[in-house]
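Report on the following structure.
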Amino acid sequence: MNIEREVKRLLLENRRETDGHQYTVPSGDHYPYQWLWDSCFHAIILAKFEPVAARAELTALLSKQFENGMIPHIIYWRPGILHMFQWGVEGTSTLTQPPMIAYAALEVHKHDPDVSFLHSIYPALVAYYHYLERERDPHSHHLASIINPDESGEDNSPRFDVPLGVSPTISLHEHLAKRVELIDKNRECNFDAQHCMRDFFWVKDVLFNTILVENLRALSTIASLVQNAEDERLFKEDAEFIATAMRTRMFENGVYYSTMGPEFKKLKVETWAHFSPLFAGLYTPDEAKAVVENHMKNPDTFAGTYGVRTTSKREQAYRPHSENFSWRGATWMAEHWFIYHGLMRYGMVKEAEEIRAKSVRLLEKSGFSECFNPETGEGFGAHNFTWGSLVLDMIKK
Ligand code: GLC
């Protein structure tokens, strides 16, 4: 398979234009809208061969920013085709998603420097990250909360079963119903974080905060490029505050756990979130080595023949085989991409290369599927799903 050619074809096939905005849908039949972190992945890949389209993707994503700075996780550009994902108001969802935008914008800039573009999006970027720091961390604990599992990007990951109040064996349908119920409750309380939303679902997620750390660093670099020395210093400082708070509140027995509620109760579910802090360099080199050896390479927990399981095989929730249980075991390309860069950051080149090789093998065996059975390599979920394009970015930076 000529991956580069296939990726270019797929990203073009999934390209849409509405109201003068150009964006890419993750999958034409399954996910016919624009999604937040998906668009960041698209921009990272498009930057390599079509930077104009990469910038358009980010511009479209920022175009529906809320007054308070939030960027919605879905933009329903074409209202006629709404279905179960209609979780919002006036054309967008009312949730956000892992804040990958600053990282993506910086990647685009690295490939095709354009300071005027950075200037044009800078106020929107600042407003978004300030929103996360202000509304999702009202008591300045230096950890951002998510108000729904969907905000983590891992909609039905079992790390959210306890705060959601569901059992490890819940069906996809019931799980979805619970998340929609949560949106209704939050809508009733007008999305007031400090006094209302936190009563329903208030989780400090490892992946989300890891991504926030690395993106605040990217934002600090962007601030320097637009010659704002004060912001450059402040965003860098904010990133390190979060890294320190993660260490204090989340770290135990060599891994990081998401927490819930005001007491920061650790959610001790074994998921690939253990590996995500590698992406932002949050483990010491010794800890990183241990987490990779003891967990990532362990066939009894995370190491599947074809990929890293998103949920450990030892968890009661583990379901590798059906699209119904996607984040409860299946391997996803974005997961592999984060792990790849985390490993490279620590100089674990051999391990990173293995992740890349497995990702290529999955594409060759099962095409651009949404996710994959880590035991058999079988693909399931949406077809023509764009995340396979991330293999092109599994390269040394
Ligand atoms: C699924 C994934 C989510 C992604 C969306 C669109 O819901 O869990 O992370 O953004 O699909 O691709």
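According to the working numbering, the stretch in the sequence shown is residues 4 to 400, in order.
Backbone N, C-alpha and C define an ideal beta-carbon position, used for all residues, glycine too.
What does DSSP give as the partner residues of residue i in its beta bridges?
{"i": "Met263", "result": "Val206 and Lys268"}
{"i": "Val258", "result": "Glu255"}
{"i": "Glu20", "result": "Gln25"}
{"i": "Tyr34", "result": "Ser30"}
{"i": "Ser155", "result": "Ser155 pairs with nothing; no bridge assigned."}
{"i": "Gly307", "result": "Paired residue(s): none; Gly307 is not in a bridge."}
{"i": "Thr274", "result": "Thr314"}
{"i": "Thr334", "result": "Phe375"}
{"i": "Phe383", "result": "Cys374"}
{"i": "Ile149", "result": "Val206"}
Going along the chain, which residues of its own chain have a beta-carbon closer than 7 Å to the beta-carbon of residue i, five neighbours each way excluded?
{"i": "Lys271", "result": "Tyr260"}
{"i": "Cys199", "result": "Cys192"}
{"i": "Glu20", "result": "none"}
{"i": "Tyr34", "result": "Val28 and Ala385"}
{"i": "His133", "result": "Gly72"}
{"i": "Gly257", "result": "Glu290, Ala293 and Val294"}
{"i": "Ser66", "result": "His24"}
{"i": "Arg81", "result": "Thr21"}
{"i": "Lys316", "result": "Asp303 and Thr304"}
Return yes when the Cβ of residue j is within less than 9 Å of the Cβ of residue i, no when it is not.
{"i": "Leu222", "j": "Asp234", "result": "yes"}
{"i": "Glu354", "j": "Lys300", "result": "yes"}
{"i": "Pro152", "j": "Phe204", "result": "yes"}
{"i": "Asn159", "j": "Trp330", "result": "yes"}
{"i": "Leu135", "j": "Lys207", "result": "no"}
{"i": "Leu121", "j": "Ala108", "result": "yes"}
{"i": "Met347", "j": "Lys400", "result": "yes"}
{"i": "Val295", "j": "Met336", "result": "no"}
{"i": "Leu281", "j": "Phe341", "result": "yes"}
{"i": "Lys269", "j": "Glu255", "result": "yes"}
{"i": "Thr389", "j": "Glu318", "result": "no"}
{"i": "Phe375", "j": "Glu367", "result": "no"}
{"i": "Ser42", "j": "Leu64", "result": "yes"}
{"i": "Leu393", "j": "Ser372", "result": "no"}
{"i": "Val10", "j": "Ile48", "result": "yes"}
{"i": "Pro166", "j": "Met249", "result": "no"}
{"i": "Leu61", "j": "Val118", "result": "no"}
{"i": "Thr97", "j": "Asn17", "result": "no"}
{"i": "Pro171", "j": "Ala320", "result": "yes"}
{"i": "Phe267", "j": "Arg252", "result": "yes"}
{"i": "Ile225", "j": "Tyr125", "result": "yes"}
{"i": "Phe278", "j": "Gly345", "result": "yes"}
With a threshold of 16 other CB atoms inside 10 Å of the CB of residue i, please say whether the residue is buried or exposed.
{"i": "His339", "result": "buried"}
{"i": "Arg201", "result": "buried"}
{"i": "Asp187", "result": "exposed"}
{"i": "Lys113", "result": "exposed"}
{"i": "Val209", "result": "buried"}
{"i": "Asn387", "result": "buried"}
{"i": "Leu365", "result": "buried"}
{"i": "Met103", "result": "buried"}
{"i": "Pro54", "result": "buried"}
{"i": "Ala232", "result": "exposed"}
{"i": "Met4", "result": "exposed"}
{"i": "Ala180", "result": "exposed"}
{"i": "Arg162", "result": "buried"}
{"i": "Glu157", "result": "buried"}
{"i": "His45", "result": "buried"}
{"i": "Arg8", "result": "exposed"}
Please go through the same chain and pick out, in chain order, the residues whose beta-carbon is closer than 6 Å to the beta-carbon of residue i, but skip the five residues on each side of it.
{"i": "Phe211", "result": "Pro101, Ile149 and Ser155"}
{"i": "Ala411", "result": "With the chain covering 4 to 400 only, the question about residue 411 has no answer from this structure."}
{"i": "Met397", "result": "Tyr343 and Arg359"}
{"i": "Pro377", "result": "Gly307, Tyr309, Gly310, Arg312, Pro323 and Thr334"}
{"i": "Ser227", "result": "Glu235"}
{"i": "Glu138", "result": "Ala196"}
{"i": "Ala276", "result": "Val209 and Leu210"}
{"i": "Leu76", "result": "Sequence inspection shows His at residue 76; the Leu mentioned does not correspond to that position. Hits under 6 Å: Leu39, Ser96, Leu98, Thr99 and Gln100."}
{"i": "Met87", "result": "Residue confidence for Met87 is low, a pLDDT of 46 falling below 50, so the modelled location carries little weight; the figure read from the coordinates is stated next. There are no such residues."}
{"i": "Leu395", "result": "Val10 and Ile48"}
{"i": "Gln68", "result": "Ile74 and Ala127"}
{"i": "His178", "result": "Asn159"}
Following a CB-centred definition, is residue i positioned closer than 8 Å to any heavy atom of the ligand GDP?
{"i": "Val394", "result": "Absent from the structure shown: the ligand GDP. Ligands present: the ligand GLC."}
Can you list, in chain order, the residues of its chain whose CB lies under 8 Å from that of residue i, leaving out five sequence neighbours each side?
{"i": "Thr247", "result": "His145"}
{"i": "Asn297", "result": "Gly257"}
{"i": "Ala59", "result": "His24, Gln25 and Tyr26"}
{"i": "Asp164", "result": "Ser170, Pro171, Ile173, Val272 and Ala320"}
{"i": "Ala105", "result": "Leu128, Tyr132, Asn218, Leu219, Ala221, Leu222 and Ile225"}
Exercise for the section: Please list, following the chain, all residues that have a C-beta closer than 5 Å to any non-hydrogen atom of the ligand GLC. Expected result: Taken from the N-terminal end onward, the list reads Pro29, Tyr34, Trp38, Asp41, Gly156 and Asp158.
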